[in-house]
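*Asks:* After the structure tokens below, expect a handful of questions from me.
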Amino acid sequence: MTSQIPDTFLYEGEEYELVGLSGEGLVIPQDYGMQPQMLHTACYRGFYSTYEITNEGLFLTQMVIGEVEGGHKPIQGIMPEIPPGDKYGYPTYQGLKLLTPFTGRIRLGKDLIRDFYIHMGYQKGSAFETLLDFSFEAGRVVSVQDISTENATKRGAFKERFETCEVTQSIEAAFSLDMDVE
Numbered sequence: 000m001t002s003q004i005p006d007t008f009l010y011e012g013e014e015y016e017l018v019g020l021s022g023e024g025l026v027i028p029q030d031y032g033m034q035p036q037m038l039h040t041a042c043y044r045g046f047y048s049t050y051e052i053t054n055e056g057l058f059l060t061q062m063v064i065g066e067v068e069g070g071h072k073p074i075q076g077i078m079p080e081i082p083p084g085d086k087y088g089y090p091t092y093q094g095l096k097l098l099t100p101f102t103g104r105i106r107l108g109k110d111l112i113r114d115f116y117i118h119m120g121y122q123k124g125s126a127f128e129t130l131l132d133f134s135f136e137a138g139r140v141v142s143v144q145d146i147s148t149e150n151a152t153k154r155g156a157f158k159e160r161f162e163t164c165e166v167t168q169s170i171e172a173a174f175s176l177d178m179d180v181e
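Residue numbering for the sequence shown is 0 to 181, as defined by numbering that gives the first Met the number 0.
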């Protein structure tokens, strides 16, 4: 099994990884009638996205989607292109500014601590120096909370449990973005 490519979130000029999710409304290819195929072992779901969080809301700005039966379809009138110099050559929707209808909570991590990296699924909040919790209503930011200090007390907890739990349990937890899995 392989670590998965997470969605990326840009916030106040910094880049964060999605490590937890509770809610609905993040944009997926199925919203546009596309059923992506697995890109490779690091992207079983067949796509990954970049979002930007601003005072105006949560916006999808880029989406990479692998092979799609029946071909790719436009998102906001934009068709994907393979970026020049892209060594993998995956179709990428660039220049998007799509306000998402997301309602719920998102947990984002920055500054991964390599000692707590898990080479399977998605990294968990306990593996990051910086951890932020966001609440959204219809794509609009309701609140932002820096939980980095609280998170420091849990540092490495998931990796420790991952390495000592039953295999099936460990795999399921590694691929989960559930906010309660730490």
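The beta-carbon is built from N, C-alpha and C at its ideal position, and this holds for glycine as well.
1. Between the C-alpha atoms of TYR15 and ILE4, what's the straight-line distance to the nearest angstrom?
2. Under 6 Å Cβ to Cβ from ARG184, same chain only, skipping five residues before and after it: list those, please.
3. With three or more beta-carbon pairs closer than 8 Å as the criterion, would you say the region 74 to 83 touches the region 98 to 108?
4. ILE52 and PHE127: beta carbons closer than 8 Å?
5. Pop quiz: GLN36 and GLU66 are said to be a contact at Cβ under 8 Å. What is the actual Cβ separation, rounded to whole angstroms?
6. Starting from THR53, follow its DSSP beta bridges and name the residues at the other end.
7. By DSSP, does VAL166 sit in helix, in strand, or in coil?
*Replies:* In short:
1. Their Cα atoms are separated by approximately 12 Å.
2. Nothing about residue 184 can be reported from this structure: the residues present for the chain run from 0 to 181 only.
3. Too few Cβ pairs lie closer than 8 Å, so no.
4. One thing to note: ILE52 has its Cβ no nearer than 8 Å to the Cβ of PHE127.
5. Contact holds; Cβ gap of about 5 Å.
6. In the DSSP output, where bridge partners are listed per residue, THR53 has GLY56.
7. Low per-residue confidence applies at VAL166: pLDDT is 49, beneath 50, and the placement is therefore not dependable enough to give any value.
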